[in-house]
Each structure stands twice: as C-alpha cells, then as structure tokens.
Amino acid sequence: MIATTGKTNLLGLTQPEMEKFFDSIGEKRFRAGQVMKWIHHFGVDDFDAMTNVSKALRDKLKAIAEVRGPEVVSEDISSDGTRKWVVRVESGSCVETVYIPSGKRGTLCVSSQAGCALDCSFCSTGKQGFNSNLTAAEVIGQVWIANKSFGSVPATIDRAITNVVMMGMGEPLLNFDNVISAMHLMMDDLGYGISKRRVTLSTSGVVPMIDELAKHIDVSLALSLHAPNDELRSQLVPINKKYPLAMLLDSCRRYMATLGEKRVLTVEYTLLKDVNDHVDHAREMIELLKDTPCKINLIPFNPFPHSGYERPSNNAIRRFQELLQQAGYNVTVRTTRGEDIDAACGQLVGQVNDRTRRSSRLIAARELSADADTAQNATSAP
C-alpha cells in the first residue's frame, strides 16, 4: 500500500472539478486553466515551476494539493518500438500501460483496474482476482507518464500519442466515474486534446453501463465479442449468461446511434484454435452482425502457459478474414507487437511483488464482472 498525503491530487481533476477546487480555496476560476496546462501540456508536478501563478498561490497549493501520478516501476522498449510501463498504484498493486507505434499513429493502451473480477476461460488475470479500481488520477496518469516519456512537453501538434484505447487491465465500465473523468481529460484542450474519434472504450458489455455511457461522453466504442453464438460465448465469457448477444448488440446499437455521426462499432474477436475459428463460426458472425454497422478486429490468440488454448494457423486466420470480407465487412488482423517485452495482446503483467516482476498474461479484450448489478449500484453520475 502506498502512503497517502491527504492532499488533493490535481492530476485527475476535470476542468469543472478543477474550477470547483479553486472556488473552494477562494481563488479565481481562471486559475484552473493555468494549472491544467502546466500539468497536462508541460508535464509539471512542481508548483514552484508554474511561473505564471503567484508565489502566494503556489505556496497555498503546496500546502493542500499535489500532482501525483502512479509510480513507474519499469519501462521496457521492444525491438519493434512498442513500449511498456509497469506502474504501481495507490493500492500497492501494479498495472501496465502499452504504447504501440504504427506509422504516424501512436496508440496508448491504458488500464482501468488493478486485477480483475472476471473468470473468463481465456484470461489469466481474472484468476488473480480483483484488487482495486484505479482513480481518475491513476488512469490519466498513465497518459501523463507516457506523454512525458516521449518528450511531448511542452505540448506540440505532432504528438507521439495520437490514440488512446481503454483496453488494458480491467473492465472500464466497472470503474465508470473514474474512467469517464479520465477520458474527458484525454479529449479536453486543457488536457491532451485527443479527438473523440481517437479515444476508444473497449467493453465486454455491461449493458446498463453502455446505456449510461451515452449520457456522459461520446467516445468510440469497441465490443469484445469472441464468439458468434450464445452457447459458445457463455462458455468463454460467463457474463453472456446475464446479458446475451441480442441484448448486448441492441445496447451497442443504441449507443452508436446517439453519436449522430458516421461512426461504427469496433468488434474485437480473439481467434482460438479449434474453438471459435471455424468456417461455421465466421458464417454465424456474418449473420449476427448484419444489422450492426461495424468494423471487425481479429486478434490471433497469444499463448500463455496452462491456458488450454492455442493460436490458429495462418491459413485458418486468413480463411476466417476472407469470409468476413466477402460478406462486405471491413476486417483487420491485429499484428502481434512487443512480444519480446511481454507487451503483446494477451501478455500484460498483473502483479509486481517487492519490485520483482512476475509475468502473467491478460487477454487485452478482457471481459467484465459476473455481476454487473454491483457495478451499477456502486456507480453514481459524475
């Protein structure tokens, strides 16, 4: 457990929250914008460095506030340019953040929870159990750390991080308030100024929370599908027994309809050898998604010890992709990146004990808790 200071951590405050904070200490609201720029545009965590803020206010802030991101335990760089950070959060657990470069695009994969309450058949992190929700500061702190690592401070037009995906450890919709706040900061011009089209929340489908999402934000949505029928999906993703495919896809279509633009759902499908990679599965998927405007991202399984699953052959992957494409779908196969630093999809670390990494694996298209009602009851509107 990391000792807390009792000070207000300004790193995770949205603009309205920051303005409210300055109101509460008897200061003008415009100070919120000044301080947010120092934090997010310049990566500053030292109030004395905020030179356009009066000394009296800097002294006041030092007494009652702080700018504190997660503790960086390690940073690894792959031969293909992928980067991975292991960071320790307040609960004492560690989570991972992964940066994947691709041409002019740089995608940051961000975690929302330490551990996982799931018990999906192909996910090892769920076997570790759930530890804690990350705070808004710990979620946005992963972007803050990565941004500084690339020297993207002061803020420049050509930033290294162009896209953010909530696809790391945890189910984002089970940490609703903190994830929403962090995503607002990602898109805010006083934060990181990333387009709403380039911020993606990936979910296994907590139906009530997908419906709630539309009331708060309009980021892109990705659905972790993994199976084209209820029987198989219930085996792979137990929450499907509570929210079967028809209900889940209805909620996704409702959310996408609220965006009011020509934006489509991203469907993530992890291919498991002889489990969900048959020709019949592709045909079922074509029928299942016929009324859902979407693009499909096929993810060949990255094996880990004792998983019980294998990666399909290249021929099987190509055959599956071609069947979907022939039916008119936009289909990509995710390229494995960062394997040499255990940063590939399905290879995120789950724990760090006494600063010694113990590598475990996480299917990046992780699933959600078996009891979504708990999350719904615990979630309040921001």
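My numbering puts the first residue of the sequence shown at 3, with every later residue one more than the last.
A virtual CB, placed ideally from N, CA and C, is assigned to each residue, including glycine.
Should the segment 32 to 41 be called in touch with the segment 7 to 22, which here means at least 3 C-beta pairs below 8 Å? Note that the segment 32 to 41 touches the segment 7 to 22; at least 3 beta-carbon pairs, one per stretch, sit closer than 8 Å.
Which same chain residues end up closer than 6 Å to K244 when comparing Cβ atoms and leaving out the 5 residues on each side of it in sequence? Here residue 244 is taken as the residue at index 242 of the sequence shown, counted from 1. Here the set comprises nothing.
Buried or exposed: which applies to G348, given that a residue is buried once 16 or more other Cβ atoms fall within 10 Å of its Cβ? Here residue 348 refers to the residue found at position 346 when the sequence shown is read from its first residue. Its pLDDT being 43, under 50, G348 is placed unreliably by the model, and the measurement read from it follows with that caveat. Per the 10 Å Cβ criterion, buried.
C-beta contact flag for I301 and A329 at 7 Å: Taking the sequence shown and counting its residues from 1, one reaches residue 301 at position 299. Taking the sequence shown and counting its residues from 1, one reaches residue 329 at position 327. Cβ distance not < 7 Å, so I301 and A329 don't count as in contact.
With I301 as the anchor, note down where its beta strand (DSSP E) starts and where it stops. Within the sequence shown, numbered from 1, the residue matching residue 301 stands at position 299. I301: member of the beta strand (DSSP E) spanning C296 to P302, first to last residue.
Beta-carbon separation of Y271 and L238 under 7 Å? Residue numbering aside, residue 271 sits at position 269 when the sequence shown is read from its first letter. Residue numbering aside, residue 238 sits at position 236 when the sequence shown is read from its first letter. The answer is no: Cβ separation not under 7 Å.
For R320, count neighbouring Cβ atoms within 10 angstroms of its own Cβ and tell me buried if that reaches 16, exposed if not. On the sequence shown, residue 320 is found 318 positions in, with the first residue counted as 1. Counting other Cβ atoms within 10 Å of its Cβ, R320 stays below 16 and is therefore classed as exposed.
According to DSSP, simplified to helix, strand and coil, what is F152? Counting from one through the sequence shown, the residue named residue 152 turns up at place 150. Residue state, collapsed to three classes: coil.
Using the Cβ count rule (16 or more neighbours within 10 Å means buried), how would you classify K264? The residue you call residue 264 lines up with position 262 of the sequence shown. K264 is exposed by the Cβ-count criterion.
So if DSSP puts S204 in a beta bridge, which residue, or which two residues, is it bridged to? Translated into positions along the sequence shown, residue 204 becomes position 202. Paired residue(s): A224.
Under the rule that 16 or more other beta-carbon atoms within 10 Å means buried, what is K86, buried or exposed? Taking the sequence shown and counting its residues from 1, the one referred to as residue 86 is at position 84. Per the 10 Å Cβ criterion, buried.
Just mark T260 as buried or exposed, buried being the case when its beta carbon has 16 or more other beta carbons within 10 Å. Along the sequence shown, one-based indexing puts residue 260 at 258. Exposed: under 16 other Cβ atoms inside 10 Å.
Does DSSP put C96 in a helix, a strand or coil? As a working mapping, residue 96 is identified with position 94 in the sequence shown. In this structure, C96 counts as strand in the three-state DSSP scheme.
Same chain, Cβ closer than 6 Å to D47, five either side skipped, listed in chain order: For the purposes of this step, residue 47 is identified with residue 45 of the sequence shown, where counting begins at 1. Cβ neighbours of D47 beyond the five flanking positions: V69.
Residue range of the alpha helix (DSSP H) that includes Y257: Counting from 1 along the sequence shown, the entry for residue 257 is found at position 255. Y257 -> alpha helix (DSSP H) spans L247 to T260.
When the Cα atoms are used, what is the spatial distance from R357 to N231? Reading the sequence shown from its first residue, position 355 is the one you call residue 357. Reading the sequence shown from its first residue, position 229 is the one you call residue 231. Note that R357 has pLDDT 35, beneath the 50 cutoff, so the model's placement of it is unreliable and the number below is only indicative. Taking the Cα positions, R357 is about 43 Å away from N231.
State the DSSP-derived secondary structure class of K57, mapped to helix, strand or coil. Counted from its first residue, the sequence shown places residue 57 at position 55. It is helical.
Skipping 5 residues on each side, what residues in its chain have a beta carbon closer than 8 Å to that of W146? Indexing the sequence shown from 1 puts residue 146 at position 144. Scanning its chain for C-beta atoms nearer than 8 Å, with the 5 sequence neighbours on each side dropped, one finds around W146 the residues L13, I41, H42, G45 and G71, in chain order.
Residue closest to A224, alpha-carbon to alpha-carbon, out of I298, E98 and A284: Looking up residue 224 in the sequence shown gives position 222. Taking each of I298, E98 and A284 in turn and checking the Cα distance to A224, the smallest one comes out for I298.
Could you tell me which residues DSSP pairs with Q115 in its beta bridges? To locate residue 115, count along the sequence shown from 1; it is residue 113. The partner list for Q115 (beta bridge, DSSP) reads N135.
Find out if the Cβ-Cβ distance for the pair L192, M38 is shorter than 7 Å. For the purposes of this step, residue 192 is taken as the residue at position 190 of the sequence shown. For the purposes of this step, residue 38 is taken as the residue at position 36 of the sequence shown. A distance below 7 Å separates the beta carbons of L192 and M38.
DSSP on L273, reduced to helix/strand/coil? For this step, residue 273 is matched to residue 271 along the sequence shown. Three-state result, L273: strand.
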